[in-house]
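Residue numbers (UniProt numbering): 1 to 323.
Written out as structure tokens, the structure is:
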């Protein structure tokens, strides 16, 4: 049978299944009936006593993982969603305690694969309030979301997927790495932040850290309403920084893209240097004294006041505005 004829027969079969189930499946739509025929609900829940547990290690092959605040002294881990029956057979969900570490392993497939291997399953981990020592979370292909947690240090990594963290307190270092996907932070406090994505955007809002380092292959970077010594670069993308004041040294570099720094208050003591392969630099705040260049040049140096805080901006091809 030719490929087109086989595909046509396949569509007819799907249509007949849909018509059959719309009359035999309590009046549900054909699409809903077909979905019910090829897929099934997944629900599995495990509870783990966290007494003497201070570290967390989570590994997921290709499923979303979400961390939310819980109650009591137990972790509640819920695997829930819908998937094709072939995918369900291959899901392996295990928890293990070893010394002071809880290990969570989830192997499964997310999205669509050939042969109706499809899933939309998420692992939700409810954690009671406690000060964790170290987190290590790694997802192959899937999103990671963390809400209202506290730990000494953490490394969160997704090969392909987004990372979102909200209302997080970190004593030492927080490392977020993505191969392809976005990174979003909201209400995060840490001694140091390291943000890295090969392809995707970084958005940080209401943050506080002594040191912030970022690296982006292709994507935009945005920092808003926070404090910290920021340094980093994007090979291709815009960088924007919005803050009340610039209190720490800041170093921003983009290969191809614009850099915008917006301050609510006029700087008292800020030194500014800017250089571009192709681009203009503009200072739109009063009180700036030029040592080199002038407004609109591709190279500028000067200061507000004594210039105790340093702002260094470099663009390969792009403009810079301080306003």
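Virtual Cβ for every residue (Gly too), placed ideally from N, Cα, C.
Where residue i falls: helix, strand or coil (DSSP)
i, result
"residue 51", "coil"
"residue 110", "Model confidence at residue 110 stands at a pLDDT of 46, short of 50, so the residue's coordinates are unreliable; what they give is reported in the following sentence. Three-state result, residue 110: coil."
"residue 285", "coil"
"residue 89", "helix"
"residue 301", "strand"
"residue 292", "strand"
"residue 329", "Because the chain is modelled from 1 through 323, residue 329 falls outside the range shown and cannot be assessed."
Per-residue burial, residue i [other beta carbons within 10 Å of its own, 16 or more giving buried]
i, result
"residue 306", "exposed"
"residue 275", "buried"
"residue 200", "buried"
"residue 122", "buried"
"residue 61", "buried"
"residue 209", "buried"
"residue 116", "Model confidence at residue 116 stands at a pLDDT of 46, short of 50, so the residue's coordinates are unreliable; what they give is reported in the following sentence. The residue is exposed, with fewer than 16 neighbouring Cβ atoms inside 10 Å."
"residue 92", "exposed"
"residue 289", "exposed"
"residue 181", "buried"
"residue 238", "buried"
Where the beta strand (DSSP E) through residue i begins and ends
i, result
"residue 276", "270 to 278"
"residue 98", "92 to 98"
"residue 207", "202 to 218"
"residue 255", "250 to 256"
"residue 339", "Only positions 1 to 323 of the chain appear in the structure, and residue 339 is not among them; the question remains open."
"residue 187", "183 to 199"
"residue 167", "163 to 180"
"residue 324", "Past the edges of the chain, shown from 1 to 323, lies residue 324, and the structure says nothing about it."
Contained beta strand (DSSP E) runs [length at least 3] in the stretch 131 to 159, N- to C-terminal order: Taking only runs of at least 3 residues, the beta strand (DSSP E) segments lying wholly in the stretch 131 to 159 are 131 to 141.
Would you check if there are 3 or more beta carbon pairs closer than 8 Å linking the stretch 75 to 91 to the stretch 151 to 160? Under the 8 Å Cβ criterion, the stretch 75 to 91 does not count as touching the stretch 151 to 160, having fewer than three qualifying pairs.
Contact between the stretch 54 to 68 and the stretch 130 to 142 (3+ Cβ pairs under 8 Å): Here the stretch 54 to 68 makes contact with the stretch 130 to 142; the two share three or more CB pairs at distances below 8 Å.
Under 8 Å: do the stretch 259 to 273 and the stretch 235 to 251 share three or more Cβ pairs, one atom per stretch? Output reads yes: the stretch 235 to 251 touches the stretch 259 to 273.
Would you call the stretch 289 to 303 in contact with the stretch 229 to 240, where contact means no fewer than 3 C-beta pairs closer than 8 Å? Output reads no: the stretch 229 to 240 does not touch the stretch 289 to 303.
Could you tell me whether the stretch 278 to 285 touches the stretch 307 to 323, using the rule of 3 or more Cβ pairs below 8 Å? The stretch 278 to 285 vs the stretch 307 to 323: in contact.
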